[in-house]
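Peer 1:
In UniProt numbering, the protein residues as written are 1 to 77.
Printed below as a string of structure tokens:
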């Protein structure tokens with residue numbers, strides 16, 4: 001049986017740090033960057049626990065600026 005593994009890519013230049021994706025993530029994968037800001041001065045989100053991502057796309061759906069791309073891959077057990 002295969003397991004789905006997910007990965008997110010955040011367009012940090014467009015992210016305004018609204019944190020809607022942080023709240024929407026059921027696996028608690030996403031967090032605001034601690035001391036990093038983008039060119040506009042906003043703290044952006046990043047995958048804090050990337051191995052926990054299941055590729056559910058909740059983060060990408062709620063992102064108002066479309067900054068998150070979710071990739072899914074089947075892994076054999």
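Glycine included, C-beta positions come from ideal geometry on N, C-alpha and C.
What does residue 58 pair with, by DSSP beta-bridge criteria?
Peer 2: Residue 58 is not bridged to any residue.
Peer 1: Are the beta-carbon atoms of residue 23 and residue 62 separated by less than 9 Å?
Peer 2: In this structure, residue 62 lies closer than 9 Å to residue 23 by Cβ.
Peer 1: Let me check understanding here. Comparing Cα to Cα, which of 11, 50, 57 lies closest to residue 42?
Peer 2: Residue 11 is the option with its Cα nearest to residue 42.
Peer 1: Between the alpha carbons of residue 76 and residue 51, how many angstroms are there, rounded?
Peer 2: Going by the C-alpha atoms only, they are around 15 Å apart.
Peer 1: Whole angstroms are fine: how far does the CA of residue 15 sit from the CA of residue 34?
Peer 2: Distance between the alpha carbons of residue 34 and residue 15: 14 Å.
Peer 1: For residue 44, count neighbouring C-beta atoms within 10 Å of its own C-beta (all shown protein chains included) and say buried if the count is 16 or more, exposed if not.
Peer 2: Classification of residue 44: buried, given that the 10 Å Cβ count is 16 or more.
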